[in-house]
Amino acid sequence: MSASHPPRPTRPIRFFHRGALQQIDSAAPTRTLLDWLREDARPRCTGTKEGCNEGDCGACTVLVAERDDAAPGGVAIRNVNACLRFLPTLDGCAVLTVEDLKPIAVAHGQPAHPVQQALVACHGSQCGFCTPGFAMTMTGIYEEHCAAGTRPTRQQLADDLAGNLCRCTGYRPIVDAGEQMFDAPAAPIDRAALRQQLDTLAADATPLTLDDFAAQRLARPDTRIVAGATDVALWVNKQFRDIGEPLWIGRVAELRRIEVTADALHIGAAASLEDAWRTLADVVPTLREVWQRFASPPIRHAGTMGGNIANGSPIGDSAPVLIALGADIVLRRGAVERTMPLQAFYLDYMRNALQPGEFVARLVVPKPTDGTQVRAWKISKRYDSDISAVCAAFALRLDGDRVAEVRLAFGGMAAIVQRAAQTEAALLGQPWTEATLVAAQAALAQDFHPLSDLRASAAYRLKVSANLLRRLWLETRPDDPLPPEDTTVWTPRLTVPIHPETRA
Ligand SMILES: Cc1cc2nc3c(=O)[nH]c(=O)nc-3n(C[C@H](O)[C@H](O)[C@H](O)COP(=O)(O)OP(=O)(O)OC[C@H]3O[C@@H](n4cnc5c(N)ncnc54)[C@H](O)[C@@H]3O)c2cc1C
Ligand code: FES
Ligand code: FES
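Just so we're aligned: 177 in the UniProt record's numbering is position 177 of the sequence shown, and the numbers increase by one with no gaps anywhere.
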């Protein structure tokens, strides 16, 4: 670390692991949970594996428990990637690793946890390298369904396991184990005891208010803000960058809130991607597929909406959807807030409108007005957990058979996520016919001159974008609109409800 970094806070980082309070006062702020478990914890906990060290493989999956009055037993338990989790972000939490499974089972008079029993019975492991990660994700699923008195479908298991890779067993036996783990006598985590532990940490925690955070940001404009670290941890793990002593935005409760009012969603910048996308899909059900295909559950649990928007990758998946919905972004600098359309926030490749000392406070997403049809499609090489080659999001309102309002936003087509201005102009006021569609498809080539890279060629990107416009037309044309089942290549996915309220 360079000498110019501001002094560390004096209180140690505190969290529970294996039932004991851990107090850490000498680790670098970017020490990851994975390295701590494997190298610093005593005894060392090498059950948690390192595969990719970049959030892609799930070998390092652990569960993080936090106080949450709305969650069962007052404790939210989520799977995350230990390789991307910096220790300071665990302050006030409890960490459960594969080493915790046996004690949980023994407390229930069983020799092994139901997840472990089922993985053995179903032959869900061969070399075993991925198995601790699978076991922890499955324990998270087990906990969720035990608490709700439900069982997941095979499709839900597949969706929830999207962040765990196995290279030798194959997924069928693992998904079998996911079904079978509910057949053993129940062995849930003792949430009451966990909550008591977490309460002891909360008692003398110092909350960070939004005003405090804004003042700190203003005083330290060059300091790196860190939210979920799903981007930043890669700079540290892969590029060995020194990010100094960061400003941890996740500690600001006000910024983690999501509010739904009569006409808009207010998404705090530090709200998790999972919570934000779940709320978006509740309000606009056609967004469910992009939600499920955004990274993986552990990344969505850690990453934030504000981080995704501030990072401003041209292939990020939130910006096209929010721009198509007509979202505003609220920026704050000291005590002063300013609001702008999200599309105006992006200036050029990885350059945005943030001023020194300013930060993203929240997104305000208007609910689509009656009659507005919204579609969003992600094109990538793999269905699950892949980066978009193109992500397109469309909002369209017809008046009779004419296009009365339209917003077409594309990621992956330019240096920034951008609206297709000329294509929109070709549609506005026109009858929503195939001839209008063809004219709009031609206009796309004036709006965008995409790059060729390892994900897709420029020609493919243009072609697939034009095809997505056709898909929009097929699903929304006044005459004989097709249901989504008839326009998707992912038919099996759509036959399984993925909305939590419809879970079995
Ligand atoms: C395995 C993997 C898969 C992924 N898949 C996808 C995907 O499918 N789609 C996709 O879009 N992205 C994907 N990502 C990228 C990443 O998850 C997102 O960009 C994420 O939303 C970043 O949020 P964060 O909270 O982790 O940000 P951080 O990593 O903490 O921060 C990212 C950047 O934003 C800044 N920042 C954070 N919050 C604020 C704020 N409130 N104000 C100002 N600046 C701020 C930080 O300083 C930093 O520059 C993936 C990442 C990984 C590792
Ligand atoms: S080591 Fe691969 S996701 Fe963490
Ligand atoms: S059992 Fe070998 S990678 Fe999964």
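Quick reminder that beta carbons are idealized off the backbone N, C-alpha and C, glycines included.
{"Check": "Looking at C-alpha atoms only, which residue of F240, S385, T488, R241 is the closest neighbour of A158?", "Outcome": "S385"}
{"Check": "Do I24 and P43 have their C-beta atoms within less than 8 Å of each other?", "Outcome": "no"}
{"Check": "Distance, Cα to Cα, D100 vs E289?", "Outcome": "34 Å"}
{"Check": "Could you check if L322 is buried or exposed, using at least 16 other CB atoms within 10 Å of its CB as the buried criterion?", "Outcome": "buried"}
{"Check": "Per the DSSP calculation, A411 is bridged to which residue(s)?", "Outcome": "According to the sequence displayed, residue 411 carries Gly and not Ala. Looking at the DSSP assignment, G411 forms a beta bridge with C391."}
{"Check": "If we require 4 or more residues per run, which alpha helix (DSSP H) segments fall completely within the segment 75 to 141?", "Outcome": "101 to 107, 114 to 121"}
{"Check": "Where does T30 sit, in a helix, a strand or coil, going by DSSP?", "Outcome": "coil"}
{"Check": "Can you tell me where the alpha helix (DSSP H) with T279 in it begins and where it stops?", "Outcome": "273 to 283"}
{"Check": "So for V62, helix, strand or coil by DSSP?", "Outcome": "strand"}
{"Check": "On the three-state DSSP scale, how would you describe D328?", "Outcome": "strand"}
{"Check": "Assuming T345 and A353 make a contact with CB atoms under 8 Å, what is their CB distance in whole Å?", "Outcome": "First, the residue type needs correcting, since residue 345 is Phe and not Thr in the sequence shown. The Cβ separation is near 5 Å, so the contact holds."}
{"Check": "For the segment 168 to 176 against the segment 117 to 130, are there 3 or more C-beta pairs whose distance is under 8 Å?", "Outcome": "yes"}
{"Check": "Just confirm the distance between the C-beta atoms of L198 and V64, as a whole number of angstroms; I'd bet it's less than 8 Å.", "Outcome": "Actually they are not in contact, since the Cβ atoms of L198 and V64 sit about 11 Å apart, beyond 8 Å."}
{"Check": "For V403 and L437, which I take to be in contact (beta-carbon distance under 8 Å), what is that distance rounded to the nearest angstrom?", "Outcome": "V403 to L437, Cβ: 10 Å. No contact."}
{"Check": "Are the CB atoms of G228 and A302 within a distance shorter than 8 Å?", "Outcome": "yes"}
{"Check": "Would you kindly report the start and end of the unbroken alpha helix (DSSP H) that includes M340?", "Outcome": "Element bounds for M340: not the alpha helix (DSSP H) but the beta strand (DSSP E), 336 to 341."}
{"Check": "Say yes only if the C-beta of S125 is nearer than 7 Å to one or more non-hydrogen atoms of ligand 3, and no if none qualify.", "Outcome": "yes"}
{"Check": "Could you tell me the distance, in whole angstroms, from the CA atom of P103 to the CA atom of I379?", "Outcome": "44 Å"}
{"Check": "Could you tell me the alpha carbon to alpha carbon distance between H145 and G58, rounded to whole angstroms?", "Outcome": "21 Å"}
{"Check": "Would you report the Cα separation of S272 and A148, rounded to the nearest angstrom?", "Outcome": "21 Å"}
{"Check": "For E254, which residues of its own chain have a beta-carbon under 8 Å away from its beta-carbon, when the five flanking residues on both sides are left out?", "Outcome": "T209, L210, G268"}
{"Check": "Out of T153, C391, T48, which has the shortest C-alpha to C-alpha gap to P450?", "Outcome": "C391"}
{"Check": "Hey, is T48 close to ligand 3, as in C-beta under 7 Å from one of its heavy atoms?", "Outcome": "no"}
{"Check": "Using a strict less-than 6 Å threshold between each residue's beta carbon and the heavy atoms of ligand 2, what residues do you get?", "Outcome": "E50, G51, C52, N53, G55, D56, C57, G58, A59, C60, N81, C83"}
{"Check": "G243 by DSSP, collapsed to three states: which one?", "Outcome": "Here residue 243 turns out to be Ile, not Gly, going by the sequence shown. Coil."}
{"Check": "Excluding five sequence neighbours on each side, which residues of the same chain lie with their C-beta closer than 7 Å to the C-beta of C93?", "Outcome": "F15, V64, A65, E66"}
{"Check": "Does the Cβ of residue 505 have 16 or more other Cβ atoms within 10 Å, making it buried, or fewer, making it exposed?", "Outcome": "Look at the range of the chain in this structure, 1 to 504, and you will see that residue 505 is not part of it."}
{"Check": "Just confirm the distance between the C-beta atoms of E39 and L234, as a whole number of angstroms; I'd bet it's less than 8 Å.", "Outcome": "Between L234 and E39 the Cβ distance is about 20 Å, and since that is not below 8 Å, they are no contact."}
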